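Undergrad: Next up is a structure, given as structure tokens.
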Amino acid sequence: MSTTDYTLLNRQLEALLDTRDWLTNTAQTCAFLMHEIPDLNWAGFYLQRQPGTLILGPFQGLPACNPIPFDKGVCGAAATSRRTQRVADVHAFPGHIACDAASRSELVVPIECGAELWGVLDLDSPQPARFSDADQAGIERLVDVFVAASDLPIPGA
Ligand code: SME
């Protein structure tokens, strides 16, 4: 059971994101999440910078896989379905892309810009089943803070 205070993290992230610049805000957001949410080994963004393809953006953690097509991995599943993917055991997820062998569970939140999929936020944990319902809801709200704070370019522009 998570004891992370997402209401507090929400207020802190709102205060941190004091520019409309999406690039600055992606960098700040993943650094903030990596330091404030316990038991993560990777936190970062993949952006739809080519149609149907996720391109690695700002992140914290080990160098990662790039690019990721929409039909591959947990990130691709989030991009295609436009729904958060919460994977308790990445080894049991067909097509999971192992960038860091330490990763055991994963949460990927899609980010939309108008009708388009702008990108995804990807969090990995070395702990199996790290992400609870409460973590998912809290992290989705943190993504909402990032979106509200940022001028997002149209994908591919
Ligand atoms: N595991 C992801 C790939 C990205 S890394 O975890 C950073 C996936 O299956 O899409």
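Going by this note's numbering, the sequence shown opens with residue -11, and the numbers climb by one from there.
Each residue gets a CB set at the ideal place from its N, CA and C atoms; glycine is no exception.
As the structure is a computational prediction, the values presented were derived from the model and not from experiment.
Going by other Cβ atoms of all chains shown within 10 Å of its Cβ, with 16 needed for buried, is Ile142 buried or exposed?
TA: exposed
Undergrad: So is the beta-carbon of Ile146 under 7 Å away from any non-hydrogen atom of the ligand SME?
TA: Since the first and last residues shown for the chain are -11 and 145, residue 146 lies out of range.
Undergrad: Please indicate yes or no: does the CB of Ser150 lie closer than 7 Å to some heavy atom of the ligand SME?
TA: A question about residue 150 goes unanswered here, because the residues of the chain that appear run from -11 up to 145.
Undergrad: Quick check: Ile127 and Leu95, are their CB atoms within less than 8 Å of each other?
TA: yes
Undergrad: Using the beta-carbon count (16 or more within 10 Å), is Gly32 buried or exposed?
TA: buried
Undergrad: CB-CB under 7 Å to Ala15, same chain, minus the five flanking residues each way: which ones, in chain order?
TA: Pro46
Undergrad: Is the beta carbon of Val62 within less than 7 Å of some heavy atom of the ligand SME?
TA: yes
Undergrad: By the three-class DSSP mapping on this structure, what secondary structure does Leu66 have?
TA: According to the sequence as given, residue 66 is Ala; it is not Leu. Looking at Ala66 - three-state DSSP - the assignment turns out to be helix.
Undergrad: Quick one: does the C-beta of Glu24 sit closer than 7 Å to a heavy atom of the ligand SME?
TA: no
Undergrad: Can you tell me whether Ala52 sits near the ligand SME, meaning its C-beta is under 7 Å from at least one heavy atom of the ligand?
TA: yes
Undergrad: Looking at Ser91 and Asp77, is the spacing between their C-beta atoms short of 8 Å?
TA: no
Undergrad: For Ser91, is the beta carbon positioned less than 7 Å from some heavy atom of the ligand SME?
TA: yes
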